[in-house]
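Novice:
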């Protein structure tokens with residue numbers, strides 16, 4: 002009976018890691034759609050979010066069932082509760098990839114991001130990608146040290162966001178209002194993607210150490 | 002023993018309702034700071050978020066303790082899990098009120114919002130306020146009909162956001178890049194505040210009907 006329980010718990014964590022990989026791919030696809038004005042790819046990200054939503058709901062159902070039927074205590078309870086919180090993060094990360102894809106779609110056949118700003122957006126996307134990848138490994142391996150390193154990567158994201166806003170507001174902006182607004186919102190979306198990766202990592206640290214870090 | 006359990010459960014719901022009121026006040030104060038360029042008020046919202054964070058953590062602790070010690074099943078379990086999810090919403094709503102206050106602070110002594118745009122921001126803030134107030138009553142009274150009406154109010158928020166972006170991008174914008182970006186982000190913050198109120202209401206509907214509405 003308990004063996005079966007731990008099998009189910011492991012399978013939930015496996016599915017959480019797989020879902021993190023799915024979300025990571027969605028973010029990468031949304032960024033590619035954005036930088037290449039690729040309409041079909043943007044549509045596939047937007048349509049694909051239903052699968053993320055359904056997977057979130059399916060894992061949530063199984064987690065609740067385990068909570069209800071096995072009535073776990075202590076660290077097992079914490080694991081299941083952390084799973085529910087991480088599912089909220091993943092759901093939001095899926096929605097954020099859709100937001101990026103929708104900015105891409107809105108400007109097609111143009112590329113929403115002016116050429117000069119593409120390196121900044123690429124750097125933000127790449128930082129978000131690293132952070133989501135790290136979160137996935139942290140969940141899979143309960144790696145507290147990697148969670149600390151993730152906070153450093155988040156500082157890099159912060160630096161990139163500030164750089165983006167300095168460029169937008171520096172007085173030499175010549176691309177008009179529309180790309181400026183697109184970029185401000187895109188900057189926010191990538192920043193939030195990173196925040197959710199940090200939030201997932203903090204849940205794991207809490208599981209391992211029993212101490213919650215403030216946000 | 003069970004009586005004490007239900008007392009604790011009721012007290013958690015009461016505290017959730019109170020916290021929703023606190024967050025609602027923070028949003029109203031942030032909007033007032035924004036529209037009046039009121040520095041001390043903006044600072045008080047930013048500093049006050051620590052109290053929201055601490056209250057969230059305290060309620061979360063008590064919810065987990067109840068989960069661990071009482072091992073509730075069925076609807077009691079769902080109530081506690083819904084509480085954890087609503088705490089995530091409230092935590093984010095607190096953070097969003099801080100974001101609004103920080104836009105205010107950044108532009109002081111100027112008012113971040115150009116005079117012509119103030120009615121739109123007031124309407125968005127007022128809609129968010131109504132939605133948070135409705136969410137609070139829905140949580141307190143498990144009012145499923147009010148949750149349906151809340152979705153209509155969310156449509157109004159959507160309409161206001163579209164109106165805001167039409168003005169920003171309509172070609173007659175004469176206030177420059179900085180206010181345009183501020184307004185795009187502010188629009189997003191108020192919209193997200195409304196989204197979280199809807200999310201809270203949906204959790205209550207799920208508790209009452211057992212059916213989760215898709216987002």
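Protein chains in written order, with our numbering: chain A, 2 to 216; chain B, 2 to 216. Glycine residues also receive a C-beta, built at the ideal position from the N, C-alpha and C atoms. Keep in mind the model is a prediction, meaning the values are calculated, not measured.
Find the nearest neighbour of residue 207(B) within the set 77(B), 29(B), 9(B) and 52(B), judged by alpha-carbon distance.
Specialist: 77(B)
Novice: Distance check for residue 143(B) and residue 152(B), CA to CA, integer angstroms please.
Specialist: 16 Å
Novice: Measuring only the C-alpha atoms, how far is residue 150(A) from residue 173(B)?
Specialist: 46 Å
Novice: Find the nearest neighbour of residue 20(A) within the set 88(A), 8(A) and 162(A), judged by alpha-carbon distance.
Specialist: 88(A)
Novice: Shorter than 8 Å from the beta carbon of residue 25(B) to some beta carbon of chain A?
Specialist: No - not a single Cβ of chain A is within 8 Å of the one on residue 25(B).
Novice: Can you pull the chain B neighbours of residue 152(A), defined as C-beta to C-beta under 7 Å?
Specialist: Chain B residues near residue 152(A): none, gap ~17 Å exceeds 7 Å.
Novice: Which same chain residues, not among the five before or five after residue 31(A), have their C-beta less than 6 Å away from its C-beta?
Specialist: 46, 98, 101 and 102
Novice: Decide if residue 120(A) is buried, meaning its Cβ has at least 16 other Cβ atoms within 10 Å, or exposed.
Specialist: exposed
Novice: Secondary structure at residue 109(B), three-state DSSP: helix, strand or coil?
Specialist: The DSSP-derived three-state label of residue 109(B) is coil.
Novice: Which word fits residue 190(A), buried or exposed, when buried means at least 16 other C-beta atoms lie within 10 angstroms of its C-beta?
Specialist: Classification of residue 190(A): buried, given that the 10 Å Cβ count is 16 or more.
Novice: What does residue 63(B) reach in chain A if we use C-beta pairs closer than 8 Å?
Specialist: By Cβ distance, chain A contributes nothing, its closest Cβ being about 13 Å from residue 63(B), past 8 Å.
Novice: Check whether the Cβ of residue 209(B) lies closer than 8 Å to any Cβ atom in chain A.
Specialist: Judged by the 8 Å Cβ criterion, residue 209(B) is not in contact with chain A.
Novice: So which residues of chain B does residue 189(A) contact, with C-beta pairs closer than 8 Å?
Specialist: Within 8 Å Cβ-Cβ: 186 and 189.
Novice: Which term fits residue 53(A), buried or exposed, when burial requires 16 or more other beta carbons within 10 angstroms of its beta carbon?
Specialist: buried
Novice: Just the C-alpha distance for residue 25(B) and residue 159(B), rounded to the nearest angstrom, thanks.
Specialist: 20 Å
Novice: Give the list of continuous alpha helix (DSSP H) stretches no shorter than 4 residues that lie fully inside the region 68-153 of chain B.
Specialist: 75-108 and 119-142
Novice: How would you call residue 216(A), buried or exposed, if buried means at least 16 neighbouring beta carbons within 10 angstroms?
Specialist: Annotation note: pLDDT 49 at residue 216(A) (below 50); position unreliable, coordinate value reported separately. With fewer than 16 other Cβ atoms within 10 Å, it is exposed.
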